[in-house]
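Okay, structure first, notes after.
2 protein chains.
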Amino acid sequence: MRENRRAFLRMAGGTLAGAGAATRAFAEGEGPLEVPSWTKEQGATAPGYGRPAPGEALARYPRLPPAFPGAVATVTPLQGLHGIITPNGLHYERHHAGIPAVDPDRHRLVVHGLVERPLVLTMDDLVRFPAVSRLHFLECSGNTPWLGARPDWTVQDSHGLMSCAEWTGVELATVLAEVGVKPGAAWILAEGADACAMSRSIPLEAALDGAILAYAQNGERLRPEQGYPLRLFLPGLEGNLSIKWLRRLKVGDQPFQTREETSKYTDLMPDGSARQFTFVMEAKSVITAPSGGQRLRAPGFHEIRGLAWTGRGKIAGVDVSTDGGASWRPASLEGPVRPRCFTRFRLPWRWEGGPARLLSRARDETGYVQPSRDALVSVRGTRSYYHNNAVFGWSVAQGGAVTHAA
Amino acid sequence: MRENRRAFLRMAGGTLAGAGAATRAFAEGEGPLEVPSWTKEQGATAPGYGRPAPGEALARYPRLPPAFPGAVATVTPLQGLHGIITPNGLHYERHHAGIPAVDPDRHRLVVHGLVERPLVLTMDDLVRFPAVSRLHFLECSGNTPWLGARPDWTVQDSHGLMSCAEWTGVELATVLAEVGVKPGAAWILAEGADACAMSRSIPLEAALDGAILAYAQNGERLRPEQGYPLRLFLPGLEGNLSIKWLRRLKVGDQPFQTREETSKYTDLMPDGSARQFTFVMEAKSVITAPSGGQRLRAPGFHEIRGLAWTGRGKIAGVDVSTDGGASWRPASLEGPVRPRCFTRFRLPWRWEGGPARLLSRARDETGYVQPSRDALVSVRGTRSYYHNNAVFGWSVAQGGAVTHAA
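Just so you know, the sequences run in chain order C and S. Following the numbering used here from start to finish, the first sequence increments by one per residue and tops out at 408. Following the numbering used here from start to finish, the second sequence increments by one per residue and tops out at 408.
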């Protein structure tokens, strides 16, 4: 960061203010600044549970009109967020049959199948187990549609089916050790208590790789739309596997071929075959500022800001282009970089006032590099709906308007 | 964590469930579990800005009746929180003249005094500067009163004037480089736009040590009670220095001796002198579960959970006693441990059902060890109000009731 700032200060000729808009010099003799009304009277008191500032109107909204009532995906306003934490009130959410109003005292988790000691657990039981708290992103496999891109997209429209939070709960491995997994076990069915009994098959190795039976998010108990009182959380894997309102785990020796992994959540390939069980969310990045719908108000210094993430571990680097890919510069990463977590990247940029095209390209610690859209299409074709992690671009027009440009 | 879990499993004889309350075996032949009402019908849709689950009633409240209207300190419900993040709606807050309703478009920050280029900055100017995002705790110097301890205290009462969040903004060092600090500069006056123009003097070295002009918290813009649209944030230092609704920074060559650092926020020593400018919050820790007002419902396994923090850098370790200090065991720290940030600690414990006395003692990377109350009193006496970082205890009675015991 310091290095980037020095680079910028050189670029800007020593003063940021020189590039600024409303910044102005202050003369000691000019007398007091305005004393506004809010300094002249006692203010209010905060509520017991606070709310955002009245003028700050960030909100989730359904990305698409629901196909039927109860099947909704709402998107996080990434264009207005800073750092890596998504406040709980703005975490994206997806439900397939509405949000059940679960009574936590009556809720039960059954763990059965290929286990030595099948159990029924209450929430109180689960909270007594040894706990962990970890920062992780969650991304819907349908985040960033392949087709139907629109120039008026905001980053909330294009990438809002992802968020990042601190999740607390019991490691699934702890509960599996408790019930005793039998030889031959290879998959686990996870089932929700919502009206569609949302169900997915989880490979046992994923269940043992940091999976959490989560009951808290960013400190407090889960919100209803995040699976209250209990959800599965599988770091780095497509969001729909992290079954909400979790009521059952059944251990088996093969996948359970549920509706959501046969009729849906597969990738239709060019030859007509379907990729099934495509779990890991590969390295991806997006510029959140400047982004679609925003406007650069004056030439001069701007910090390009964005997010990068990978289901494979840690982000190793992000390159940014301001000329549509002709040249790339490494962005700085805000540390500490955490595994399977958002990483905020930043790059100082001097906008001269003319057209520009902004792109970001992430790579992760495995050496994997976020592909171009052409490279991705050459492998997957255009009949697929999920798992679009291609490089994504914003165009800046003369005058500063920002729109999506593939 | 894994090591502790294994230790516990040995201790518990192989099964957690054996120690549990409502956990019960599940027999495959017993037929389906209850299918509750919420699984039988479509659920609701989430609001644009979400709210906690209806049954989860965590809230801040004033720690003491306000001395006069507009001077309030509300406390964070640490007993109900998990991990290290405090949701914005529950972050403690302290105001001296109410919460001003600042118009961000009219708000200005003046930077003047011993500087080359005094400036008036708008919020848009500030957001354009290079930004940083960092996780830090904030603690009021008056957190945990020395005197008047009450057995019915919850940890919200005793330690709730502290919270932890991800803060985003411009490094103060960046803005100071922009205005050009003159030779001889040593202190900075920070002034708020609230009705008392809350003011403190900040040593220049603290201003250059990671201080942030913060406009966002846990991703979103500051809440009104946290200084919207702009606050100073001084990591590791007593909370009242992090001036909210920040409107002015004046660079000088000596402290400004404001009301808040002469009539208040000093430590009265046994000899009648006052310690002034006691900035750094020293290493401290507290057990949040089990804690005052809670009740252990059954003998057997319990995870002792708590928070540790230090204004000097990173927490190096936390020792926990369950026998009033006769013996101590090292707790595990949830990593990555961050500087000047909450660190969550955990220790497996088997409660046999009898009386117990729980204590925690933190040490930081400088080698400093959280003192006993006796050790602290021997140096500071009992006339002081602020900066009580002594070891703190909870008593567990026969039957499981938990109360404060110094």
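Ideal placement from N, C-alpha and C gives every residue a C-beta, glycine not left out.
First through last residue of the beta strand (DSSP E) which encompasses residue i
{"i": "ASP321(S)", "result": "317-323"}
{"i": "TRP351(S)", "result": "345-353"}
{"i": "ALA291(C)", "result": "286-291"}
{"i": "THR41(S)", "result": "No beta strand (DSSP E) contains THR41(S), which is instead part of the alpha helix (DSSP H) from 39-42."}
{"i": "ALA358(C)", "result": "358-366"}
{"i": "GLU1(S)", "result": "Only positions 3 to 408 of chain S appear in the structure, and residue 1(S) is not among them; the question remains open."}
{"i": "SER397(S)", "result": "394-398"}
Chain C contact for residue i (CB, 9 Å cutoff)
{"i": "VAL112(S)", "result": "yes"}
{"i": "GLY401(S)", "result": "no"}
{"i": "TYR230(S)", "result": "yes"}
{"i": "TRP169(S)", "result": "yes"}
{"i": "ASN90(S)", "result": "yes"}
{"i": "ALA197(S)", "result": "yes"}
{"i": "GLU95(S)", "result": "yes"}
{"i": "ASN145(S)", "result": "no"}
{"i": "ALA23(S)", "result": "Annotation note: pLDDT 46 at ALA23(S) (below 50); position unreliable, coordinate value reported separately. Yes, because at least one Cβ of chain C sits closer than 9 Å to the Cβ of ALA23(S)."}
{"i": "VAL404(S)", "result": "no"}
{"i": "GLU354(S)", "result": "no"}
{"i": "GLU262(S)", "result": "no"}
{"i": "PRO67(S)", "result": "no"}
{"i": "PRO54(S)", "result": "yes"}
{"i": "LEU35(S)", "result": "yes"}
{"i": "ARG340(S)", "result": "yes"}
{"i": "THR47(S)", "result": "yes"}
Short CB-CB distance (under 9 Å) between residue i and chain S
{"i": "PHE28(C)", "result": "yes"}
{"i": "LEU149(C)", "result": "no"}
{"i": "LYS42(C)", "result": "yes"}
{"i": "ARG7(C)", "result": "Any reading at ARG7(C) is ruled out, since the residue's pLDDT is 44, under 50, leaving its predicted position unreliable."}
{"i": "ASP211(C)", "result": "no"}
{"i": "GLY369(C)", "result": "no"}
{"i": "PRO332(C)", "result": "no"}
{"i": "ASP255(C)", "result": "no"}
{"i": "TRP396(C)", "result": "no"}
{"i": "GLU222(C)", "result": "yes"}
{"i": "TYR388(C)", "result": "no"}
{"i": "LEU121(C)", "result": "yes"}
{"i": "SER203(C)", "result": "no"}
{"i": "GLU336(C)", "result": "yes"}
{"i": "ASP127(C)", "result": "yes"}
{"i": "HIS304(C)", "result": "yes"}
{"i": "THR124(C)", "result": "yes"}
{"i": "PHE417(C)", "result": "The displayed coordinates of chain C run from 3 to 408. Any statement about residue 417(C) would go beyond what the structure contains."}
{"i": "VAL322(C)", "result": "no"}
{"i": "ARG237(C)", "result": "In the sequence as displayed, the identity of residue 237(C) is Pro instead of Arg. By this cut-off, PRO237(C) is not an interface position."}
Cβ pair residue i, residue j closer than 9 Å
{"i": "LEU335(C)", "j": "ARG346(C)", "result": "yes"}
{"i": "LEU137(C)", "j": "GLU168(C)", "result": "yes"}
{"i": "TRP330(C)", "j": "VAL398(C)", "result": "no"}
{"i": "PRO292(S)", "j": "SER203(S)", "result": "no"}
{"i": "LYS184(S)", "j": "VAL113(S)", "result": "no"}
{"i": "PRO153(C)", "j": "GLY356(C)", "result": "no"}
{"i": "THR78(S)", "j": "LEU163(S)", "result": "yes"}
{"i": "THR170(S)", "j": "ALA133(S)", "result": "yes"}
{"i": "GLU262(C)", "j": "VAL181(C)", "result": "no"}
{"i": "GLY85(S)", "j": "ALA175(C)", "result": "no"}
{"i": "SER374(C)", "j": "VAL393(C)", "result": "yes"}
{"i": "SER287(S)", "j": "GLY308(S)", "result": "yes"}
{"i": "LEU80(C)", "j": "ALA61(C)", "result": "no"}
Cβ-heavy atom distance, residue i to the ligand ATP, below 8 Å
{"i": "ALA48(C)", "result": "Looking for the ligand ATP in the displayed structure turns up nothing, as the structure carries no ligands at all."}
Boundaries (first-last residue) of the alpha helix (DSSP H) holding residue i
{"i": "LEU174(S)", "result": "174-181"}
{"i": "VAL157(C)", "result": "157-161"}
{"i": "LEU378(C)", "result": "375-382"}
{"i": "VAL129(C)", "result": "125-130"}
{"i": "LEU35(S)", "result": "Careful: LEU35(S) lies outside any alpha helix (DSSP H) and carries neither H nor E."}
Exercise. Taking contact to mean at least 3 C-beta pairs separated by less than 8 Å, is the segment 298-317 of chain S in contact with the segment 364-375 of chain S?
Worked result: yes
For this session: Specify whether the segment 191-209 of chain S and the segment 239-248 of chain S touch according to this definition: at least 3 beta carbon pairs, one from each stretch, less than 8 Å apart.
Result: yes
Problem set entry | Inter-stretch contact (C-beta, 8 Å, three-pair minimum) for the segment 45-53 of chain C and the segment 217-233 of chain S | yes
Problem set entry | Meets three-Cβ-pair contact criterion under 8 Å: the segment 268-286 of chain C and the segment 386-393 of chain C | A contact exists between the segment 268-286 of chain C and the segment 386-393 of chain C.
Exercise. Three or more C-beta pairs closer than 8 Å, one from the segment 140-150 of chain C and one from the segment 372-388 of chain C: is that the case here?
Worked result: yes
Problem set entry | 4 or more residues per run - each alpha helix (DSSP H) lying fully within the segment 92-141 of chain C | 125-130
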